[in-house]
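Peer 1: Let me give you the structure first, and then I'll get to my questions.
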Amino acid sequence: MRLQEAVGKALAALGSAAPASFAGRVAAARRLPPASGLWVLEGLGDAAADGDEPLHRRLEREGVAIASWPPLHAGLGLALARRFLSALPPAPRDVAAAVAGFARRCRRQAAPGYAGAVFESLGFVAWNLHPRHLAALDRALAEDDPVRRRYLWHGVGRGLYFSPLCAVPGGTAVALARAALAPPFAAGRRNAVAGVAWALTLVNLPRPESFAAAAAVAAPYLDRELAAAFGDGVASALALWHRVYGEEPTAGRFLAAAAASSAGRRLACRPWERLRRRRRGREGAVEELFIHP
């Protein structure tokens, strides 16, 4: 909640004081401390969805540095998903066609390699704002698009972490328990757990002690498969941070703190090293960081 308040104030300040151009506002957001600047960039991507021009064309036209593109696309996804789900009737006749149309909008708006990151927000918004539609979305994707089905549940995992149930002591454990139970198939459960871990990591990078406490509570309840998914979520979040902020020291301090505990080594340090080995010489598409393989 403190993070949301800080981001809200920063966005308001950017709206009133930052340069008029979108690129200028992005540059101003990057001058903020990374712990809040990342989320301000996401908010700018959300606001940018109001225009008619596809986001990727606007980013190219205004010369926005590619390091800012991941959170801007994530914010775009939130805006598109809110619009789509708000317009979906309570009992739509053809959910599959509607979801296919949403996927086309994501592809049209996103740069190559980012469409999955935009689509993933559908699960986030569905869980927190339109849960009555989640089962129908899952059924439609199960029949026609198993890859986007996994993106959906990764987004649900992120949504679980940011939902009110996580705002209380022990909330992360509750979110992980829901993530391990809510999806009706194994890959969905793995992706939901990865999504919880992804959000937990990005929010708590500046506060590694909070991550360590949550990991210590969660570790005994994660079987081998779900522990691997959790670790992949942590590693993907760290990779995203590096895409946006390079060698800025926050992630290094986070990993050094994680190395001090067995849970941190199992759920953060080793998965990060595995991801680095797997990607050596290949940066990969950003959308790969929004899904568990």
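Numbering follows this note's numbering, in which position 251 of the sequence shown is assigned residue number 264; successive positions increment by one, without gaps.
Positions of the beta carbon are idealized from the N, C-alpha and C atoms, including for glycine.
1) Quick check on the DSSP output: the alpha helix (DSSP H) that includes Cys-119 runs from which residue to which?
2) Could you tell me whether the Cβ atoms of Arg-185 and Pro-219 are closer together than 8 Å?
3) Count the other CB atoms, across all protein chains shown, that sit within 10 Å of the CB of Pro-221; report buried if there are 16 or more and exposed otherwise.
4) Label Ile-304 either buried or exposed according to how many other C-beta atoms from any shown protein chain fall within 10 Å of its C-beta, with 16 as the threshold for buried.
5) Below 8 Å between beta carbons: does that hold for Leu-150 and Leu-173?
6) Taking the alpha carbon of Cys-179 as the reference point, which residue from Ala-227, Pro-46, Leu-91 has its own alpha carbon closest?
7) Within its chain, find whatever has a CB closer than 6 Å to the CB of Ala-298; leave out the 5 residues flanking it on each side and keep chain order.
8) Tell me whether His-305 sits in a helix, a strand or coil according to DSSP, three-state version.
9) Which of helix, strand or coil does DSSP assign to Arg-290?
10) Among the residues of its own chain, which have a CB less than 6 Å from the CB of Ala-248, if the five just before and after it don't count?
11) Can you tell me which of Ala-200, Phe-224, Ala-80, Arg-279 puts its alpha carbon nearest to the alpha carbon of Glu-55?
12) Pick from Ala-232, Gly-170, Gly-168, Ala-124: whose alpha carbon is nearest that of Leu-280?
13) Please report the distance separating the alpha-carbon of Ala-33 from that of Ala-60.
14) Alpha carbon to alpha carbon, how far is Ala-139 from Gly-208?
15) How many angstroms separate the CA atom of Leu-85 from the CA atom of Arg-43?
16) Could you compute how far the alpha carbon of Arg-15 sits from the alpha carbon of Val-216?
17) Could you work out which residue in Glu-261, Trp-254, Ala-225, Leu-101 is closest to Ala-272 when comparing CA atoms only?
18) Note down the Cα distance separating Phe-175 from Ala-212, rounded to an integer number of angstroms.
19) Where Val-187 and Arg-171 are concerned, what is the direct C-alpha to C-alpha distance, given to the nearest angstrom?
20) In three-state terms, what does DSSP make of Arg-15?
21) For Gly-88, count neighbouring Cβ atoms within 10 angstroms of its own Cβ and tell me buried if that reaches 16, exposed if not.
22) Does DSSP classify Arg-95 as helix, strand or coil?
23) Does Gly-184 come out as helix, strand or coil in the three-state DSSP assignment?
Peer 2: So, to answer that:
1) 108 to 122 is the extent of the alpha helix (DSSP H) around Cys-119.
2) For the sequence presented, residue 185 should be read as Thr rather than Arg. Against a cut-off of 8 Å, the Cβ pair of Pro-219 and Thr-185 comes out as no contact.
3) By the 10 Å Cβ count, Pro-221 comes out buried.
4) Label assigned to Ile-304: buried.
5) Taking 8 Å as the Cβ cut-off, Leu-150 and Leu-173 do not qualify as a contacting pair.
6) Comparing Cα-Cα distances from Cys-179 to each of Ala-227, Pro-46, Leu-91, the minimum goes to Ala-227.
7) Gly-126.
8) Annotated three-state conformation of His-305 is coil, per DSSP.
9) Under the three-state reduction of DSSP, Arg-290 is assigned to helix.
10) So the qualifying residues of the chain are Pro-284, Trp-285, Leu-288.
11) Of Ala-200, Phe-224, Ala-80, Arg-279, the smallest CA-CA separation from Glu-55 is found for Ala-80.
12) For the residues Ala-232, Gly-170, Gly-168, Ala-124, the minimum Cα distance to Leu-280 belongs to Ala-232.
13) Spanning the alpha carbons of Ala-33 and Ala-60 requires a straight line of approximately 14 Å.
14) Whole-angstrom Cα-Cα distance: 14 Å.
15) A direct Cα-Cα distance of roughly 12 Å separates Leu-85 from Arg-43.
16) Because Arg-15 carries a pLDDT of 49, less than 50, the predicted location of this residue cannot be relied on, and no value is offered for it.
17) Minimum Cα distance to Ala-272 is reached at Ala-225.
18) Approximately 8 Å, taken between the alpha carbons.
19) Cα atoms of Val-187 and Arg-171: separation of roughly 13 Å, rounded to the nearest angstrom.
20) In this prediction, Arg-15 scores a pLDDT of 49, lower than 50, which makes its location untrustworthy; no coordinate-derived value is stated.
21) Looking at its Cβ environment, which holds 16 or more other Cβ atoms inside 10 Å, Gly-88 is buried.
22) Residue state, collapsed to three classes: helix.
23) Gly-184 falls in the helix class under three-state DSSP.
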